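Student: Note that the first sequence covers residues 6 to 654 in the working numbering.
Cβ atoms here follow ideal geometry from the backbone N, Cα and C, with glycine treated the same way.
Remember, it's a predicted structure, so these values are computed and weren't measured experimentally.
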Amino acid sequence: MQNLSRKFSTLPIHKLSRSQPQPTKAFVPFSEIQQQRKLLKHKIITVLDGCTSLDQVKQVHAHLLGNGLSQYSYVITKLIRTLTKLQVPMGTYPELVFKQVRYPNRFLWAAMIRGFTIQGPISESVIYYTWMRREGTGPVSFTFSALFKACGSVLDVNLGRQIHAQTVLIGGFVTDLYVGNTMIDMYLKCGFLDCGRKVFDEMPERDVVSWTELIVAYAKSGDMESARELFEDLPVKDMVAWTAMVTGYAQNALPNEALDCFERMQGAGVGIDEVTLIGLISACAQLGASKYANWIRDISEKSGFGPTENVFVGSALIDMYSKCGSLDDAYKVFQGMKQRNVFSYSSMILGFAVHGCANAAIELFQEMLTADIRPNRVTFIGVLTACSHVGMVDQGRQLFATMEKYYNVTPSADHYTCMVDLLGRAGRLEEALELADTMPIVAHGGVWGALLGACRIHRNPDIAQIAANHLFELEPNNIGNYMMLSNIYASAGKWGDVSRVRKLMREKGLKKNPAYSWVETKNGGVQKFCAGETNHPEYNEIKKASEDLLKRLQDHGYRQNLNSVGYDVGDEEKMRILMAHSEKQALAYALLSTDSGSTIRIIKNIRICEDCHAFMCVASQVSGRHIIVRDNMRFHHFKNGTCNCSNFW
DNA sequence: CTAGGGTTAG
Numbered sequence: 006m007q008n009l010s011r012k013f014s015t016l017p018i019h020k021l022s023r024s025q026p027q028p029t030k031a032f033v034p035f036s037e038i039q040q041q042r043k044l045l046k047h048k049i050i051t052v053l054d055g056c057t058s059l060d061q062v063k064q065v066h067a068h069l070l071g072n073g074l075s076q077y078s079y080v081i082t083k084l085i086r087t088l089t090k091l092q093v094p095m096g097t098y099p100e101l102v103f104k105q106v107r108y109p110n111r112f113l114w115a116a117m118i119r120g121f122t123i124q125g126p127i128s129e130s131v132i133y134y135t136w137m138r139r140e141g142t143g144p145v146s147f148t149f150s151a152l153f154k155a156c157g158s159v160l161d162v163n164l165g166r167q168i169h170a171q172t173v174l175i176g177g178f179v180t181d182l183y184v185g186n187t188m189i190d191m192y193l194k195c196g197f198l199d200c201g202r203k204v205f206d207e208m209p210e211r212d213v214v215s216w217t218e219l220i221v222a223y224a225k226s227g228d229m230e231s232a233r234e235l236f237e238d239l240p241v242k243d244m245v246a247w248t249a250m251v252t253g254y255a256q257n258a259l260p261n262e263a264l265d266c267f268e269r270m271q272g273a274g275v276g277i278d279e280v281t282l283i284g285l286i287s288a289c290a291q292l293g294a295s296k297y298a299n300w301i302r303d304i305s306e307k308s309g310f311g312p313t314e315n316v317f318v319g320s321a322l323i324d325m326y327s328k329c330g331s332l333d334d335a336y337k338v339f340q341g342m343k344q345r346n347v348f349s350y351s352s353m354i355l356g357f358a359v360h361g362c363a364n365a366a367i368e369l370f371q372e373m374l375t376a377d378i379r380p381n382r383v384t385f386i387g388v389l390t391a392c393s394h395v396g397m398v399d400q401g402r403q404l405f406a407t408m409e410k411y412y413n414v415t416p417s418a419d420h421y422t423c424m425v426d427l428l429g430r431a432g433r434l435e436e437a438l439e440l441a442d443t444m445p446i447v448a449h450g451g452v453w454g455a456l457l458g459a460c461r462i463h464r465n466p467d468i469a470q471i472a473a474n475h476l477f478e479l480e481p482n483n484i485g486n487y488m489m490l491s492n493i494y495a496s497a498g499k500w501g502d503v504s505r506v507r508k509l510m511r512e513k514g515l516k517k518n519p520a521y522s523w524v525e526t527k528n529g530g531v532q533k534f535c536a537g538e539t540n541h542p543e544y545n546e547i548k549k550a551s552e553d554l555l556k557r558l559q560d561h562g563y564r565q566n567l568n569s570v571g572y573d574v575g576d577e578e579k580m581r582i583l584m585a586h587s588e589k590q591a592l593a594y595a596l597l598s599t600d601s602g603s604t605i606r607i608i609k610n611i612r613i614c615e616d617c618h619a620f621m622c623v624a625s626q627v628s629g630r631h632i633i634v635r636d637n638m639r640f641h642h643f644k645n646g647t648c649n650c651s652n653f654w
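#1: Note down the Cα distance separating threonine 538 from isoleucine 323, rounded to an integer number of angstroms.
#2: Tell me which residue opens and which closes the alpha helix (DSSP H) that lysine 499 is part of.
#3: Taking the beta strand (DSSP E) that arginine 606 belongs to, which residues open and close that run?
#4: Count the C-beta pairs between the segment 165-184 and the segment 133-148 that are closer than 8 Å, then say yes if the count reaches three, no if not.
#5: How would you label threonine 89, buried or exposed, when you count the other beta carbons within 10 angstroms and need 16 or more for buried?
#6: For proline 26, which residues in the same chain have their Cβ closer than 6 Å to its Cβ, ignoring the five residues on either side in sequence?
#7: In this structure, how does DSSP classify threonine 647 when only helix, strand and coil are distinguished?
#8: Is the CB-CB distance between histidine 463 and cysteine 650 below 8 Å?
#9: Can you tell me whether lysine 48 is buried or exposed, with buried defined as 16 or more other CB within 10 angstroms of its CB?
#10: Valine 414 by DSSP, collapsed to three states: which one?
#11: Taking DSSP as the reference, what is the three-state secondary structure of serine 75?
#12: By DSSP, does glutamate 436 sit in helix, in strand, or in coil?
#13: Decide if histidine 68 is buried, meaning its Cβ has at least 16 other Cβ atoms within 10 Å, or exposed.
#14: Excluding the 5 residues flanking glutamate 615 on each side, which residues of the same chain have their C-beta closer than 8 Å to its C-beta?
#15: Measure the CB-CB distance between serine 158 and isoleucine 189 and report whether it falls below 8 Å.
#16: Whole angstroms are fine: how far does the CA of leucine 59 sit from the CA of histidine 642?
#17: Going by other Cβ atoms of all chains shown within 10 Å of its Cβ, with 16 needed for buried, is aspartate 467 buried or exposed?
#18: CA-CA distance, glutamine 7 and glycine 71?
#19: To the nearest angstrom, how far is the alpha carbon of glutamate 210 from that of serine 130?
#20: Which class does cysteine 614 belong to by DSSP, given the choice of helix, strand or coil?
#21: Considering arginine 166, what are the terminal residues of the alpha helix (DSSP H) in which it resides?
#22: Would you mind stating whether cysteine 392 and leucine 374 have Cβ atoms separated by less than 8 Å?
#23: Using alpha carbons as the reference points, say which of Asn486, Glu439, Ala335 and Asp442 lies closest to glycine 454.
#24: Skipping 5 residues on each side, what residues in its chain have a beta carbon closer than 7 Å to that of arginine 379?
#25: Please find out if some non-hydrogen atom of the ligand FMN comes closer than 7 Å to the beta-carbon of tryptophan 136.
#26: Per DSSP, what are the beta-bridge partners of cysteine 1 in this structure?
#27: Lysine 609: buried (16+ other C-beta within 10 angstroms of its C-beta) or exposed?
#28: Going by other Cβ atoms of all chains shown within 10 Å of its Cβ, with 16 needed for buried, is leucine 254 buried or exposed?
#29: Take methionine 444 as the anchor and find which of Ala418, Asp333 and Gly571 has the nearest alpha-carbon.
#30: Ignoring anything shorter than 4 residues, give me the alpha helix (DSSP H) runs that lie fully in the segment 198-227, in order along the chain.
#31: Given a cut-off of 8 Å, decide if alanine 591 and phenylalanine 534 are closer than it, judged by their beta-carbon atoms.
#32: Per DSSP, which residues does isoleucine 323 bridge with? Please list them.
#33: By Cβ distance below 8 Å, which residues in the same chain neighbour asparagine 652 in space, the five residues on each side in sequence not counted?
#34: Could you tell me whether the Cβ atoms of asparagine 483 and leucine 476 are closer together than 8 Å?
#35: Can you check which of these residues, Asp377, His360 and Tyr350, is closest to phenylalanine 385 by C-alpha distance?
#36: Can you give the Cα-Cα distance for threonine 187 and phenylalanine 153, rounded to whole angstroms?
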């Protein structure tokens, strides 16, 4: 023992090492193994990123098995995510791979849960979560985000609440920003705005995503005031947040606010993309102001998301131009588009339809079929509306018959509405009534409303009463129906029935909607007129101008149509009421304030009455102006004394 | 990983 220790101590260390034979494989310290593994890992991940098919992923997995890496959670997590992205059903191959891993880590579990959330069955996400907890594995933040997403997509708020409770129970997650955001999203999707708001208020840390989620929820619930308040408080407003506001205003029929908001956004130096543009374009479409239309097209073109390259923006612009009354511009946009889809075609077809160009609409429909684009339900609304607005009954019937047979579009109540409208407008009221009575699906208010409208055109109080009875049941609070019926009785001189309907309205506590017209002024502004209103700043001038206009029109054969007045009053009073209609005031104002030769565009919130229609016809002749009136049904182009609707509306 | 989106009817 002594010897041995002496011998060992005398042996010089360098000699010792030199005397040893070099191992054939270099000794690799553990840190280097880690390093190598890391490199391999990166390599595998890069390869997985490039995989575009299940077979390729299978090859990678075979390779992992060969390298002893098939137990490596990190790499398998990536593999599962790749399979999720490739939409391989989770219950098949991915689950197989997962089950081969003896000790999956929490990220791998999360990847499985997320996979099931995205591809379904969503119930499996929850099963996996329970299983994971039983195995004693903890969650990570995206475990919860996946679960909340699952609850949101099946609108299961009870499950969402349970998972919410889990985040509280486990601790650390309820304060996680990302978990919080997905939780808010879950509550909002399920329609629990208050719960979402509560989570938001209690979050220790919030980002622009949290704010935007709530802003959108308020906007969707119609509460733009709350949305705006939140938005003003938002410290860092990014493009998405601004866009949410612009779109929110547009979706809540507040186009002016949407435009203001957009201008503020521009002023703040925030960029825009196609989503912003779509909101903006939709706002302008509602406004129907042609001055904005060209401005918006310019912006789109400069933004890099112009109608030529972006099919979304292009389709929205078609709709906008057509609603602004510029059918030509709409068609120009349509022709300039590199790509067209069913939205582009449908918007254009509807454009033709509401402008009374039925043949163009049907031709475009044929062109669409030739271009191999499948029509959808909206496309058929468009072609049927086209037929209806020009009285092409046979053509419309034919299209209706083929829609299910050849294009696999099952007629909905909306399509039946078009058909009832088609028959009704053409004067075939009995046929229309029979269709409404016998249609295979339940008729909604639209169907009976179309019939009621047809009864107004063709003065049929009896069928009108039948339609109205259905409507009063389906839409007891829709004032328009009572007004329509009352007007039909009025124009038939049945004043007893008129007062009966009016009494019904009073009992229901319903008040008449004010009728408005908007007209574009010379400098591109918009002036609003309300029927019977006398507080316009230029009221006296307008009154004088409309009286003069009336005289001039009467010289050219115009006679007031007293049947258009729904009140049982003296003829003098009827004449006064007729002249107070908002579109006549708007016209008088426009003639007074715009350049001769320019087109006059008027927008109404209700249907134009017969008297105003005749008035506009003669006015277009006398003034030599092109007058476009958009009512809530369609566009009327008055030129040289006639309207392109051929008095058929 | 989480937030914003287009056509429809009486």
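Tutor: Result, derived from the coordinates:
#1: According to the sequence shown, residue 538 is glutamate rather than threonine. The alpha-carbon atoms of glutamate 538 and isoleucine 323 are separated by roughly 35 Å.
#2: For lysine 499, no alpha helix (DSSP H) encloses it, and the DSSP letter there is neither H nor E.
#3: Element bounds for arginine 606: 605-609.
#4: Contact between the segment 165-184 and the segment 133-148 is present, because at least three Cβ pairs lie under 8 Å.
#5: With 16 or more other Cβ atoms within 10 Å, it is buried.
#6: In this prediction, proline 26 has a pLDDT of 45, which is less than 50 and means its spatial position is unreliable; nothing more can be read from the coordinates.
#7: Strand at threonine 647.
#8: Note that the C-beta distance between histidine 463 and cysteine 650 is not below 8 Å.
#9: Counting Cβ neighbours within 10 Å, lysine 48 comes out exposed, since fewer than 16 surround it.
#10: Residue state, collapsed to three classes: coil.
#11: It is coil, neither helix nor strand.
#12: Residue state, collapsed to three classes: helix.
#13: Classification of histidine 68: exposed, given that the 10 Å Cβ count is below 16.
#14: Excluding residues up to 5 positions away in sequence, Asn566, Asn568 and Ser569 lie with their Cβ nearer than 8 Å to the Cβ of glutamate 615 in the same chain.
#15: Taking 8 Å as the Cβ cut-off, serine 158 and isoleucine 189 do not qualify as a contacting pair.
#16: If I take the Cα positions, the gap works out to 59 Å.
#17: By the neighbour-count criterion, in which a residue is buried when 16 or more other Cβ atoms sit within 10 angstroms of its Cβ, aspartate 467 is exposed.
#18: Confidence at glutamine 7 is low in this model, with a pLDDT of 36, below 50, so the placement of that residue should be treated as unreliable; the coordinate-derived value is given next. So the alpha carbons of these two residues sit roughly 51 Å apart.
#19: Just so you know, the alpha carbons of glutamate 210 and serine 130 end up roughly 28 Å apart.
#20: In this structure, cysteine 614 counts as coil in the three-state DSSP scheme.
#21: Start and end: 162-175.
#22: The answer is no: Cβ separation not under 8 Å.
#23: For the residues Asn486, Glu439, Ala335 and Asp442, the minimum Cα distance to glycine 454 belongs to Asn486.
#24: Spatial neighbours of arginine 379 in its own chain (CB-CB distance under 7 Å, excluding positions within 5 residues in sequence) are listed in chain order as Val347 and Tyr412.
#25: No copy of the ligand FMN occurs in the structure displayed, which carries no ligand at all.
#26: Here the chain has residues from 6 to 654 only, and residue 1 is not among them.
#27: By the beta-carbon neighbour count (other beta carbons within 10 angstroms, threshold 16), lysine 609 is buried.
#28: The sequence given here places tyrosine at residue 254; leucine does not occur at that position. Per the 10 Å Cβ criterion, buried.
#29: Among Ala418, Asp333 and Gly571, the Cα nearest to that of methionine 444 is on Ala418.
#30: Listed in chain order, the complete alpha helix (DSSP H) runs (minimum 4 residues) inside the segment 198-227 are 198-207 and 213-225.
#31: Yes, these two residues count as a Cβ contact at 8 Å.
#32: BP columns for isoleucine 323 are empty, so no partner.
#33: If we look at asparagine 652 and ignore the five residues flanking it on each side, its Cβ neighbours are His618.
#34: In this structure, asparagine 483 lies near leucine 476, with their beta-carbon atoms less than 8 Å apart.
#35: In this structure, Tyr350 is the residue among Asp377, His360 and Tyr350 with its C-alpha nearest to the C-alpha of phenylalanine 385.
#36: Going by the C-alpha atoms only, they are around 6 Å apart.
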